[in-house]
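Letter by letter, the sequence shown follows residues 37 to 159 of our numbering. Backbone N, C-alpha and C fix where the C-beta goes; we use that ideal spot for every residue, glycine too. Shown next, in C-alpha cells, is the structure this report addresses.
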Amino acid sequence: MPLFGYGLNEAFEIPTAQIQTEYKNFFIKDEVVGKAFRLIRDLLIFTNKRLLVVDKQGLGTKIDYLSIPYKSIEMYSMQTAGLMEKDNQIVLWLKSHNEPRKFLFHRGSDINSVYNLISNCIL
C-alpha cells in the first residue's frame, strides 16, 4: 500500500536544515536528517536512524507520525523513471507488513542518494 504517490502526488525534496530545526523534538540524540521530502501536506524524513513519515490527516489538525526503524526493513528496491515515466520509486518490505510500502519521488529527485542512505543504515 503506497504511503505516497498517485498521479501528481510525487514527493519533492526540501532542505534538511529546515526539517532538523522544525522537528527537533522528534529526534533522539545524534539523530541527523539525511534527506527530506514533501508531498502536499505530508513529509518523508530519512535520518541516520530511521524513516519518519508525517501524515497530516483530514483538515490537518490530526497528524500521524510513523517511525520506521531501518532494522525493520527486510528488503528494499529502487526504480528510476524511464523515458515515458515521470516518477522514481523506493519500495520497502517491512517485517511487520505483508504488503510493501511504496514511495514515489519526482523525476528530478536524487533517488540514488536516498537509496544509498537506506543502504548505509541497513547494511
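Could you check what DSSP says for residue i in three-state terms: helix, strand or coil?
i           : result
residue 47  : strand
residue 58  : helix
residue 150 : helix
residue 107 : helix
residue 32  : Look at the range of the chain in this structure, 37 to 159, and you will see that residue 32 is not part of it.
residue 158 : helix
residue 41  : Only weak support exists for where residue 41 lies, its pLDDT of 44 falling under 50; the value from the coordinates is given anyway. In the structure shown, residue 41 sits in coil (DSSP, three-state: anything other than H, G, I, E or B).
For residue i, list the residues DSSP reports as bridge partners.
i           : result
residue 71  : 82
residue 113 : 127
residue 137 : 128
residue 99  : 92
residue 87  : 82, 104
Would you mind working out which of the options sits nearest residue i, comparing C-alpha positions?
i           : options          : result
residue 77  : 59, 47, 66       : 47
residue 50  : 62, 75, 64       : 75
residue 103 : 124, 156, 84     : 84
residue 114 : 63, 126, 72      : 126
residue 129 : 97, 141, 112     : 112
residue 109 : 55, 157, 52, 58  : 157
residue 142 : 123, 134, 154    : 123
residue 131 : 153, 91, 99, 105 : 105
residue 144 : 153, 121, 135    : 121
residue 155 : 57, 134, 70, 138 : 70
Is residue i close to the ligand FAD? I mean its beta-carbon at under 6 angstroms from any heavy atom of the ligand.
i          : result
residue 91 : As for the ligand FAD, it is missing from this structure, which has no ligand bound.
Can you give the beta carbon distance from residue i to residue j, rounded, assuming they're within the 8 angstroms contact cut?
i          : j          : result
residue 90 : residue 81 : 7 angstroms
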